[in-house]
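J.:
Residue numbers (our numbering): 11 to 640.
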């Protein structure tokens, strides 16, 4: 049976894992790394780069390098959080005709789902190379507090990448699977997940194969990026004081500052101070300007104290929803790279009154959990029952702009709820159903997931028609809403996908585009390989001519030189078959050199065939070195 992989699609890095021999194993990238940077770029040759190679060229190509795309998933362009991020990234963030976010690469606009699909596409190809088989199915993780639009945008990304997304699973829930797979005793655990762009807290009952989420909360705009920004702002402010230059509009300088800020933040988890050294950061009339500054752990903690504190309100909310106190928690599982920061660990330790669990790798545990869930779906992992919840209350708008709850937050999924409503005015022949997600009492204060019209209602006094509205949430946390007029049986439904901004036809078109790009990437790689082989063959030919000198007959020398020139010429082009053919022809002529030299009288031993000189000239012809005969 084909393998199903688990993917942690992260803000900063992404990780893939798979079940092998009954154990979850992280899949290394083509570069041999366990983490794939969630970065996509287009270089000056219009080549698409994904992962480490994209990140490595970000400083020299800031406007065509996209990172932190997860922060835009399923969001509208006028979202305040989008506006905040737009001001902080060097690439262009535009608005689509329908109000969705688009990011610009090489003067072309892409949806966040398309960019995420490029990352997933690399992971898919790397997994296929590692496992030696085609991968078509995956389990992908999302923050627990992702709303419906964000989940759909993630599912769309999988489709565009050519993956059937069997399940969207919450990141803290995946982490609990990795933590509790072998646990027999019943425990109440808190999964504290502070990643590159999001924060989640989930409270679960774990034990004997059952993983039941009791409550979840979080902040989808709180993560390592925000800590980096605090350090960046501090560096920019200090640089302006010292040099009178504001770096906010210098995109290349901003990219260097971002990378330096992240590096300093990471180093300060293990050292008390670090030096930030950025030579030639900018220049003015007086010459180049350098940034050299020492940053202490204490200063970092001072700059980010409120961000650490912001994680505690969702923790309190989740405990309250679960009907528990901090003292009821048996283990705190720390997930996400930011949980390595000592100040974060100290805050969690102080709140819960106990040491956090240190037995999981915070960078890999989510992908490991996703692989376990993939194993459950594929039948490789037995006796696991996972009961997740919907993170936010789902409502419809009723008379007076009130949000009337249909499914309360932290309801176990999959679930289905129905409620009967009626018309608000006499002779009303249609009703608009506005589906909302959020905790506020008024409709305008919540996120509208989508609207649809139920028409054809027979005219009647208000309050008479019976309209049954049904909310159906699947195991991925994705919602379908149906409205039916009970008198006529007429119904309308909406699967909340419109808010992700992409129709089925758009997703399919993007999938085909991604496939064609994958084919382009394959051809480009093949061209590079045959050019390298051609270059090596030319080098070998020229080396042989130099080493054997006059021993090479003139006609063979001329033939080799002509064939080498032909290889150099065709290697300038892009005809793979022509390069291969010319290279093979040169290889055959090179063999003539060895044959010609070998056939000459008094050919020195070792020159025949280019085998090399005798390493011990004093040894006679009958002496065989390295053998002892008894």
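Using N, Cα and C, we set each Cβ at its ideal position, and we do this for glycine too.
Less than 9 Å separating the beta-carbons of residue 483 and residue 402?
T.: Contact: no.
J.: I need the straight-line Cα distance from residue 216 to residue 57, nearest angstrom please.
T.: About 47 Å.
J.: With C-beta atoms as the reference, is residue 237 less than 9 Å away from residue 208?
T.: Cβ distance not < 9 Å, so residue 237 and residue 208 don't count as in contact.
J.: Please list, in chain order, all residues of the same chain as residue 275 whose beta carbon is under 8 Å from its beta carbon, the five residues on each side excluded.
T.: These residues qualify, in order along the chain: 234, 237, 238, 241, 310, 351.
J.: What's the gap between the Cα of residue 285 and the Cα of residue 69?
T.: Looking at the two C-alpha atoms, the distance is approximately 19 Å.
J.: Please list the terminal residues of the continuous beta strand (DSSP E) segment that includes residue 147.
T.: Note, residue 147: beta strand (DSSP E), 147-152.
J.: Going by Cα to Cα distance, which pick from 103, 202, 596 is closest to residue 549?
T.: The shortest Cα separation from residue 549 among 103, 202, 596 belongs to 596.
J.: Here's the rule: buried if 16 or more other CB atoms are within 10 angstroms of the residue's CB, otherwise exposed. What is residue 186?
T.: It is buried - the Cβ of residue 186 has at least 16 other Cβ atoms within 10 Å.
J.: Taking C-alpha atoms, which residue in 288, 314, 92, 313 lies nearest to residue 302?
T.: Measuring from the Cα of residue 302, the nearest candidate turns out to be 288.
J.: Roughly how many angstroms lie between the CA atoms of residue 27 and residue 84, to the nearest whole one?
T.: The straight-line gap from Cα to Cα measures roughly 25 Å.
J.: Around the C-beta of residue 250, are 16 or more other C-beta atoms found within 10 angstroms, so that it is buried, or is it exposed?
T.: Exposed: under 16 other Cβ atoms inside 10 Å.
J.: Tell me whether the beta-carbon of residue 477 lies closer than 9 Å to the beta-carbon of residue 414.
T.: Contact: no.
J.: Looking only at its own chain, which residues have a Cβ that is under 7 Å from the Cβ of residue 643, when we skip the five neighbours before and after it?
T.: The structure shown does not extend to residue 643, since the chain is modelled only from 11 through 640, so no value can be given for it.
J.: Between which residues of its own chain and residue 563 is the CB-CB distance below 6 Å, once the five residues before and five after are set aside?
T.: Correct list, in chain order: 606.
J.: Checking 9 Å against the spacing of the C-beta atoms, do residue 37 and residue 173 come in under that value?
T.: No, the Cβ-Cβ distance between residue 37 and residue 173 is not below 9 Å.
J.: Identify every residue that forms a DSSP beta bridge with residue 107.
T.: In DSSP, residue 107 forms no bridge with anything.
J.: Which term fits residue 499, buried or exposed, when burial requires 16 or more other beta carbons within 10 angstroms of its beta carbon?
T.: With fewer than 16 other Cβ atoms within 10 Å, it is exposed.
J.: Three or more C-beta pairs closer than 8 Å, one from the segment 156-166 and one from the segment 75-92: is that the case here?
T.: Counting Cβ pairs under 8 Å, three or more are found: they touch.
J.: Comparing alpha-carbon positions, which option in 475, 556, 425 lies nearest residue 436?
T.: For the residues 475, 556, 425, the minimum Cα distance to residue 436 belongs to 475.
J.: Put residue 209 into one of helix, strand or coil per three-state DSSP.
T.: Three-state result, residue 209: strand.
J.: Considering residue 493, what are the terminal residues of the beta strand (DSSP E) in which it resides?
T.: Where residue 493 is concerned, the enclosing beta strand (DSSP E) stretches over 489-495.
J.: Where do the ends of the beta strand (DSSP E) carrying residue 348 lie?
T.: Where residue 348 is concerned, there is no enclosing beta strand (DSSP E), given that its DSSP letter is neither H nor E.
J.: Count the other C-beta atoms from every protein chain shown that fall within 10 angstroms of the C-beta of residue 598, then say buried if there are 16 or more, exposed otherwise.
T.: Exposed.
J.: Rounded to a whole number of angstroms, what is the C-alpha to C-alpha distance between residue 508 and residue 50?
T.: Residue confidence for residue 508 is low, a pLDDT of 39 falling below 50, so the modelled location carries little weight and cannot support an answer.
J.: Using alpha carbons as the reference points, say which of 21, 491, 361, 552 lies closest to residue 571.
T.: The shortest Cα separation from residue 571 among 21, 491, 361, 552 belongs to 552.
J.: Looking only at its chain, what residues have a beta carbon closer than 6 Å to the beta carbon of residue 602, apart from the 5 residues adjacent to it on each side?
T.: The residues are 566.
J.: Using only the alpha-carbon positions, how far apart do residue 623 and residue 41 sit?
T.: Its pLDDT being 37, under 50, residue 623 is placed unreliably by the model, and nothing is read from it.
J.: Less than 9 Å separating the beta-carbons of residue 593 and residue 540?
T.: Going by C-beta atoms, residue 593 is nearer than 9 Å to residue 540.
J.: Buried or exposed: residue 395, going by 16 or more other Cβ atoms within 10 Å of its Cβ?
T.: Exposed.
J.: May I have a chain-ordered list of the alpha helix (DSSP H) segments no shorter than 4 residues that lie completely inside the segment 40-124?
T.: Whole alpha helix (DSSP H) segments, 4+ residues: 62-66, 90-96.
J.: Name the DSSP bridge partner or partners of residue 258?
T.: DSSP lists no partner for residue 258.
J.: If I follow the unbroken beta strand (DSSP E) through residue 15, where does it start and stop?
T.: Run containing residue 15: 14-18, per the beta strand (DSSP E) assignment.
J.: I need the DSSP call for residue 390, collapsed to helix, strand or coil.
T.: Residue state, collapsed to three classes: coil.
J.: For the candidate residues 202, 206, 154, 543, whose alpha-carbon lies nearest to that of residue 181?
T.: With distances taken between Cα atoms, residue 181 lies closest to 154.
J.: Excluding the five sequence neighbours on either side, which residues of its own chain have a C-beta within less than 7 Å of the C-beta of residue 336, listed in chain order?
T.: 329, 361, 362, 363, listed in sequence order.
J.: Between which two residues does the beta strand (DSSP E) carrying residue 608 extend?
T.: No beta strand (DSSP E) holds residue 608; the alpha helix (DSSP H) holding it covers 586-609.
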